[in-house]
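Protein chains in written order, with the working numbering: chain A, 220 to 294; chain B, 8 to 506. Backbone N, C-alpha and C fix where the C-beta goes; we use that ideal spot for every residue, glycine too. The model shown is predicted, which means the values in this text are computed figures rather than measured ones. Each remark here refers to the structure printed beneath this line.
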């Protein structure tokens with residue numbers, strides 16, 4: 220059973236994660252706008268760089284690790 | 008509670024805002040061809056697409072569903088509820104990367120199946136997509152009509168008719184651009200809801216420490232179970248059926264694929280990663296409503312926790328909450344409607360009936376379909392409300408559609424020997440078997456020799472049947488497909504193509 224401190228900390232963590240998520244998306248939108256206006260077709264863009272794919276997979280790995288830790292610590 | 012006049016005022020304000028935004032983007036992005044209407048030209052930026060993707064996955068039902076899960080399961084309800092949505096974003100990534108390489112010219116992902124197999128395989132896929140997308144729209148409207156009708160005192164049928172009329176109009180104008188741009192405003196609203204109103208509710212009852220202490224007092228002996236993240240006992244009922252069904256919904260959902268095809272090709276996994284993980288944090292924040300319910304409303308049933316707990320908010324906050332609920336509802340419903348309109352125009356009208364149709368004809372059909380399917384979703388939702396079909400049953404019916412398609416789709420993308428016969432047989436047999444099992448499980452009919460399986464077992468049977476049949480039949484009589492041949496074709500939106 221999680222303690223009071225852990226429970227309050229968990230709520231603070233959720234709030235922070237949500238705030239960061241909103242901030243990142245709004246920041247991207249403000250910087251980039253709606254679309255790449257210099258492009259006539261989406262197929263003009265190259266395929267995704269494998270390094271970006273690996274970065275995304277690493278982020279997913281950290282996320283799943285975080286969930287596993289949350290379950291173990293909050294057991 | 009808001010009175011009906013105030014409710015109509017809020018719906019009117021929401022309608023003006025959404026249609027205004029759709030008109031703005033219609034003029035700004037020149038939404039006057041099929042490519043812009045269906046895929047936003049394939050050049051949408053990551054921020055816009057991430058917001059749209061995430062808010063499409065933030066269902067109106069989450070506001071009720073997450074507190075209900077917390078009421079039944081406790082803190083472990085957070086990951087059990089959020090898991091399927093997050094898994095969906097992760098599982099779709101290899102499909103997305105492969106499709107954007109093999110089929111860069113795609114407007115709808117379902118068109119790939121004509122190139123890969125034939126029109127019969129394409130029809131099987133259309134059937135799955137069409138009914139799961141209509142169901143998706145019905146599920147959103149079902150919950151939205153009930154919640155907004157309940158909070159305003161307006162008849163849910165009138166609420167649903169107004170909502171679908173407005174959504175139909177703004178999708179008719181802007182297509183996917185209209186959907187994604189309104190989604191961005193809806194995303195901001197949903198984030199504000201979770202960052203401001205959920206904590207406000209916690210502090211209305213004394214703050215997080217008081218919530219914890221009151222939960223422990225009210226739950227008594229059950230505290231150790233409800234306040235443990237490792238409460239695995241309810242996993243068969245609360246996690247596995249949805250993980251196996253909705254957990255792969257993203258692979259089947261045309262609304263997800265429209266955003267995959269809309270974003271720049273070089274940023275495909277980035278928006279799926281940030282959007283998918285972000286949905287987890289939003290769902291986690293909705294759990295605060297459930298904790299307040301467990302702390303302050305110990306006698307309320309889990310299913311009513313959200314509405315009862317939200318009534319603890321001050322009146323001004325209830326009005327703001329209602330507006331946000333409208334936003335969240337609109338974001339998902341408009342995405343499904345855009346997907347259906349695109350499917351009807353490209354896959355049914357152009358690919359199946361009139362391959363000579365020019366771009367403007369396809370666009371016209373997509374716009375007419377926006378309004379026509381808005382009416383169909385409204386009528387189907389009204390039917391569901393009047394009959395004894397529950398929200399959970401609708402979700403599970405959508406889930407079996409996903410189980411039929413995911414395995415054969417994966418084989419078709421990564422195994423050149425996957426045959427047309429194997430693909431179609433896998434989908435059709437899986438769909439028939441799981442539908443029959445679901446009918447028995449829901450106790451609609453008793454079918455001799457068919458056991459009443461648990462819901463997660465039905466989903467597993469769906470996956471195993473579709474994938475193994477597609478694999479075994481293909482191995483026995485394989486095709487030898489040339490993937491490079493598809494990738495080298497040019498993008499075609501105008502008629503005259505031999506398909």
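Proximity to residue i [Cα-Cα], best of the options
i: residue 265/A; options: 49/B, 54/B, 55/B; result: 49/B
i: residue 418/B; options: 407/B, 406/B, 434/B; result: 434/B
i: residue 11/B; options: 326/B, 457/B, 303/B; result: 326/B
i: residue 413/B; options: 402/B, 395/B, 438/B; result: 438/B
i: residue 365/B; options: 55/B, 109/B, 42/B; result: 42/B
i: residue 15/B; options: 108/B, 310/B, 455/B, 330/B; result: 330/B
i: residue 153/B; options: 212/B, 398/B, 462/B; result: 398/B
i: residue 274/A; options: 461/B, 100/B, 85/B; result: 100/B
i: residue 383/B; options: 403/B, 420/B, 344/B; result: 344/B
i: residue 198/B; options: 328/B, 110/B, 122/B; result: 328/B
i: residue 416/B; options: 123/B, 315/B, 333/B, 36/B; result: 123/B
i: residue 155/B; options: 26/B, 94/B, 18/B; result: 18/B
i: residue 249/A; options: 46/B, 54/B, 39/B; result: 54/B
i: residue 473/B; options: 75/B, 131/B, 35/B; result: 131/B
i: residue 88/B; options: 486/B, 432/B, 289/B; result: 289/B
i: residue 94/B; options: 108/B, 381/B, 284/B; result: 284/B
i: residue 310/B; options: 73/B, 110/B, 107/B; result: 73/B
i: residue 106/B; options: 480/B, 158/B, 273/B, 451/B; result: 273/B
i: residue 9/B; options: 400/B, 111/B, 157/B; result: 157/B
i: residue 164/B; options: 228/B, 387/B, 35/B, 138/B; result: 387/B
i: residue 411/B; options: 400/B, 489/B, 421/B, 436/B; result: 436/B
i: residue 357/B; options: 115/B, 110/B, 390/B; result: 115/B
i: residue 71/B; options: 389/B, 490/B, 313/B, 468/B; result: 313/B
Element boundaries [alpha helix (DSSP H), containing residue i]
i: residue 129/B; result: 126-159
i: residue 488/B; result: Unbroken run through residue 488/B: none, as it is neither H nor E.
i: residue 355/B; result: Run containing residue 355/B: none; DSSP gives neither H nor E here.
i: residue 188/B; result: 163-199
i: residue 271/A; result: 269-292
i: residue 249/B; result: 247-252
i: residue 241/A; result: 223-251
i: residue 221/B; result: 215-226
i: residue 113/B; result: It is not in any alpha helix (DSSP H) - residue 113/B carries neither H nor E in the DSSP assignment.
i: residue 206/B; result: 205-211
i: residue 440/B; result: 427-448
i: residue 121/B; result: 119-123
i: residue 265/B; result: 261-269
i: residue 423/B; result: Element bounds for residue 423/B: n/a, residue is neither H nor E.
i: residue 233/B; result: 230-233
Residue i vs residue j beta-carbon contact at 7 Å
i: residue 255/B; j: residue 96/B; result: no
i: residue 430/B; j: residue 477/B; result: yes
i: residue 513/B; j: residue 182/B; result: With chain B running from 8 to 506 in the structure shown, residue 513/B is simply not present.
i: residue 286/B; j: residue 278/B; result: no
i: residue 466/B; j: residue 142/B; result: no
i: residue 428/B; j: residue 407/B; result: no
i: residue 294/A; j: residue 237/B; result: yes
i: residue 146/B; j: residue 340/B; result: no
i: residue 117/B; j: residue 136/B; result: yes
i: residue 261/B; j: residue 140/B; result: yes
i: residue 463/B; j: residue 247/B; result: yes
i: residue 251/A; j: residue 52/B; result: yes
i: residue 523/B; j: residue 460/B; result: Since the first residue of chain B shown is 8 and the last is 506, residue 523/B is not available in this structure.
i: residue 85/B; j: residue 176/B; result: no
i: residue 21/B; j: residue 402/B; result: no
i: residue 171/B; j: residue 381/B; result: yes
i: residue 426/B; j: residue 485/B; result: yes
i: residue 475/B; j: residue 424/B; result: no
i: residue 215/B; j: residue 239/A; result: no
Would you mind listing the beta strand (DSSP E) stretches within the region 371-403 of chain B that are 3+ residues and don't spill past its ends, in chain order? With a minimum length of 3 residues, no continuous beta strand (DSSP E) run stays inside the region 371-403 of chain B.
Would you call the region 57-66 of chain B in contact with the region 187-201 of chain B, where contact means no fewer than 3 C-beta pairs closer than 8 Å? Flag = yes, the region 57-66 of chain B and the region 187-201 of chain B touch.
Would you check if there are 3 or more beta carbon pairs closer than 8 Å linking the region 197-211 of chain B to the region 295-303 of chain B? Judged by Cβ distances under 8 Å, the region 197-211 of chain B makes contact with the region 295-303 of chain B, as three or more pairs qualify.
In chain order, what are the residue ranges of uninterrupted alpha helix (DSSP H) at least 4 long that sit wholly in the region 34-107 of chain B? The region 34-107 of chain B contains these whole alpha helix (DSSP H) runs: 41-46, 53-64, 67-80.
May I ask you to verify whether the region 367-383 of chain B touches the region 341-350 of chain B, counting CB pairs closer than 8 Å and requiring at least 3? The answer is yes - the region 341-350 of chain B touches the region 367-383 of chain B, with three or more Cβ pairs under 8 Å.
Inter-stretch contact (C-beta, 8 Å, three-pair minimum) for the region 301-320 of chain B and the region 52-59 of chain B: In the pairwise beta carbon analysis, the region 301-320 of chain B is classified as not touching the region 52-59 of chain B: fewer than three pairs are separated by under 8 Å.
Between the region 30-41 of chain B and the region 172-186 of chain B, can you find at least three pairs of beta-carbon atoms closer than 8 Å? Enough Cβ pairs lie closer than 8 Å, so yes.
Considering only residues of the region 299-328 of chain B, which uninterrupted alpha helix (DSSP H) runs meet the minimum length of 4 residues and lie entirely inside it, listed in chain order? Counting whole runs of 4 or more residues, the region 299-328 of chain B contains the alpha helix (DSSP H) stretches 312-317.
Given 8 Å, three or more beta-carbon pairs between the region 100-116 of chain B and the region 309-327 of chain B: Touching, no, given that fewer than three Cβ pairs across the two stretches are closer than 8 Å.
Cβ contact check for the region 74-83 of chain B and the region 224-236 of chain B: 3 or more pairs under 8 Å: Taking one beta carbon from each stretch, the region 74-83 of chain B and the region 224-236 of chain B have 3 or more pairs nearer than 8 Å; the two touch.
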